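A quick write-up on the structure given underneath.
2 protein chains.
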Amino acid sequence: METCGASPLRPRERIIKTARDLFRKHGIRGVGVDTIAEQAGTNKMTLYRHFGSKDDLIIACLQDFANDAEAFWQSIEMSHPDSPMAQIHEWVRIVSECALDDLRGCDMANAAVELAEDAHPARHVIEEFKMAQRNRLAQLCRDAGIEKADQLADTLCLLIEGARVNMQSVGLEGPGARFISLAEDVIAAFAREKPERKPATLHRHASAKIKGRGQLHAPLPAANRA
Amino acid sequence: METCGASPLRPRERIIKTARDLFRKHGIRGVGVDTIAEQAGTNKMTLYRHFGSKDDLIIACLQDFANDAEAFWQSIEMSHPDSPMAQIHEWVRIVSECALDDLRGCDMANAAVELAEDAHPARHVIEEFKMAQRNRLAQLCRDAGIEKADQLADTLCLLIEGARVNMQSVGLEGPGARFISLAEDVIAAFAREKPERKPATLHRHASAKIKGRGQLHAPLPAANRA
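Sequences listed follow chains E and S, in order.
The letter at position 170 of the first sequence is residue 170 when you use our numbering, and the numbering goes up by one with no holes.
Convert by adding 226 to the 1-based position in the second sequence; the result is the number in our numbering.
Written as structure tokens, this is what we have:
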């Protein structure tokens with residue numbers, strides 16, 4: 001979700017981009033505003049003109065991250081506009097790619113770990129973001145006709161959150177690196193629960209969605225393919 | 227995994243206990259050695275006599291945490307000495323209880339987030355601990371006769387790691403708080419893959435697997451609880 005550093009960003013955007021990079025590398029508490037201003041090619045006075053405090057800058061960075069996530073969801077929708085099930089598989093593929101691409105985990109989750117105080121002003125941004133991501137995935141599971149959509153969304157959310165934090169501890173040697181096959185097996189198990197109890201009209205709808213599912217680890221029973 | 231504060235601890239133990247408490251509350255980077263020494267009822271000179279640096283103290287805290295985990299595994303083994311499957315359920319119950327008891331997550335995972343530098347001396351302690359926990363759970367799954375023991379252990383590890391970091395973001399409103407039922411459903415699905423496949427011809431093996439995956443949410447057969 002990084003943007004190319006070559007474009008001539010305005011100071012505000014440059015500060016946010018620099019801060020996000022530095023926060024990821026060193027932790028939010030591991031870097032000060034002086035370093036951020038310097039590396040963004042500006043100065044502390046300009047930084048404080050745009051952001052009243054380091055906390056304000058942290059919040060702006062998290063909101064910028066949330067905007068990237070919005071673009072991520074749009075790209076998932078566009079990838080398979082007619083198949084929510086294929087979108088779920090695309091979600092698995094892309095979040096896994098993001099996780100493997102940078103072992104420093106999710107900016108929002110990391111911020112929650114670092115900003116331990118209950119009253120920190122960034123906490124409502126983190127909470128709202130995490131709930132929205134989970135609810136969006138649950139809606140996608142419902143659209144895909146998954147019987148226990150909320151439960152599947154919960155499981156997938158915990159698996160990816162666990163994978164990202166696990167890879168920060170053990171890198172690519174641990175279970176985090178195997179997220180994609182673990183998630184696909186869970187999806188397959190939930191998807192198989194669905195078809196028998198659907199009326200015929202919905203059945204055809206569901207079969208179109210099942211087609212999009214790609215590479216599951218065990219074949220569906222024939223009855224479930226209908 | 228906290229010990230009672232009333233016992234007269236020696237300075238070294240008192241410093242470790244105080245540091246662990248403060249690191250949990252404020253983050254490792256959110257608290258300095260002066261505060262730790264003061265709150266442990268000692269002084270910085272004594273602290274540095276026991277621990278050459280803050281990094282050494284961090285490592286000692288993480289090793290102390292690992293010792294607690296060893297006691298945790300022993301209590302699980304003793305709870306159901308003759309039933310690895312019952313021990314798995316006990317693992318779920320206790321890790322869930324720990325997670326809900328203190329929403330600040332796992333000390334090891336939090337340290338991995340905060341100590342972002344690859345070369346930080348605490349990283350090998352974290353890595354060794356996380357791998358050992360995962361391997362111990364996998365052994366327990368094997369002992370319980372789970373066909374895909376490694377995969378179940380991976381899934382459970384990611385679910386609990388995800389739950390603990392998720393609860394730091396969204397508290398008890400999100401999927402983290404539902405860990406216990408999500409984990410039990412996953413265990414049930416894996417456990418059901420086992421019994422029907424013996425004696426194994428390839429054909430029956432395959433059909434048992436498909437059957438096992440079909441009903442994720444049905445109760446475990448009595449035989450699997452043993």
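Don't be surprised by glycine CBs; every beta carbon is placed ideally from N, CA and C.
The model shown is predicted, which means the values in this text are computed figures rather than measured ones.
Contact set for residue i: own chain, Cβ-Cβ below 6 Å, skip 5 residues either direction
i: S/Ala292; result: Phe355
i: S/Val412; result: Thr381
i: E/Gly152; result: Correcting the residue identity first, residue 152 of chain E is Leu in this sequence and not Gly. Only Cys141, Ile146 and Phe190 meet the Cβ criterion.
i: E/Met45; result: none
i: S/Asp290; result: Ile242
Anticipated Cβ contact below 8 Å, residue i with residue j, distance rounded
i: E/Gly105; j: S/Val339; result: 7 Å
i: S/Leu363; j: E/Leu158; result: The pair is not a contact, with the Cβ atoms about 16 Å apart (cut-off 8 Å).
i: S/Ile314; j: S/Leu273; result: Contact flag wrong, Cβ pair sits at about 41 Å.
i: S/Gly400; j: E/Met131; result: 6 Å
i: S/Ala342; j: S/Ile284; result: With a Cβ gap of about 13 Å, S/Ala342 and S/Ile284 do not count as contacting.
i: E/Ala109; j: E/Met167; result: Not really, about 12 Å apart at Cβ, beyond 8 Å.
i: E/Arg29; j: S/Gly256; result: 6 Å
i: E/Val92; j: E/Glu184; result: 6 Å
i: S/Lys243; j: S/Val259; result: The Cβ separation is near 15 Å, so there is no contact.
i: E/Leu62; j: E/Ala19; result: Rounded, the Cβ-Cβ distance is 10 Å, inconsistent with contact.
is_contact[residue i, chain E] using C-beta, thresh 8 Å
i: S/Ser395; result: yes
i: S/Lys356; result: yes
i: S/Ala295; result: no
i: S/Arg404; result: yes
i: S/Ala278; result: Here the sequence assigns Gly to residue 278 of chain S, which means Ala is not the residue at that position. Chain E contact via Cβ: absent.
i: S/Ala342; result: yes
i: S/Ala348; result: no
i: S/Ala414; result: no
i: S/Met389; result: Strictly speaking, residue 389 of chain S in this sequence is Ala, with Met absent from that position. With 8 Å as the cut-off, S/Ala389 counts as an interface residue toward chain E.
Own chain residues within Cβ distance below 8 Å of residue i, not counting five before or after
i: E/Pro199; result: Confidence is the limiting factor: at E/Pro199 the pLDDT is only 45, short of 50, which leaves the residue's position unreliable, though a coordinate-based value still follows. Answer for E/Pro199: no residue qualifies.
i: E/Glu38; result: none
C-beta neighbour in chain S for residue i, strict 8 Å
i: E/Pro175; result: yes
i: E/Met45; result: no
i: E/Leu182; result: yes
i: E/Arg136; result: no
i: E/His203; result: A caution first: E/His203 carries a pLDDT of 40, below 50, which makes its placement in the model too unreliable to give a value.
i: E/Ala66; result: no
i: E/Lys198; result: At E/Lys198 the pLDDT is 47, less than 50, meaning the model places this residue with poor confidence; the figure from the coordinates comes in the next sentence. No, because no Cβ of chain S sits closer than 8 Å to the Cβ of E/Lys198.
i: E/Glu77; result: no
i: E/Val113; result: yes
i: E/Ile59; result: no
i: E/Glu13; result: no
i: E/Ala19; result: no
i: E/Ile126; result: yes
Cut-off 7 Å between Cβ atoms - residues of its own chain near residue i, not counting five sequence neighbours on either side
i: S/Val321; result: Ile386
i: S/His306; result: Ala312, Gln313 and Glu316
i: E/Ala144; result: Pro84, Met85, Ile88 and Lys209
i: E/Ala149; result: Ala138, Cys141 and Arg142
i: S/Phe405; result: Ser322, Ala325, Leu385, Ile386 and Ala389
i: E/Ala71; result: none
i: E/Ala60; result: Ile16 and Phe51
i: S/Ile352; result: Leu288, Met334, Ala337 and Ala338
i: E/Asp76; result: The sequence given here has Ile at residue 76 of chain E, not Asp. Gln87, Glu90, Trp91 and Ile94.
i: S/Thr427; result: Confidence in S/Thr427 is poor, its pLDDT being 42 and thus under 50, which makes the residue's placement unreliable; the coordinate value appears in the next sentence. Nothing listed; no residue qualifies.
Open item on the list: At a CB distance below 7 Å, what residues from the segment 85-111 of chain E approach chain S? Give them in sequence order.
Closed with: Listed by position along the chain: Arg104, Gly105, Met108, Ala109 and Asn110.
- [ ] Select from the segment 140-159 of chain E all residues with a C-beta closer than 8 Å to any C-beta belonging to chain S, and list them in chain order.
- [x] For the segment 140-159 of chain E, which is checked against every Cβ of chain S, the residues closer than 8 Å are Lys148, Gln151, Ala153, Asp154, Thr155, Cys157, Leu158 and Leu159.
Open item on the list: So if I threshold CB-CB distances at 7 Å, which residues from the segment 247-267 of chain S count as touching chain E?
Closed with: Taking 7 Å as the Cβ-Cβ cut-off against chain E, the residues of the segment 247-267 of chain S that qualify are Lys251, His252, Gly253, Arg255 and Gly256.
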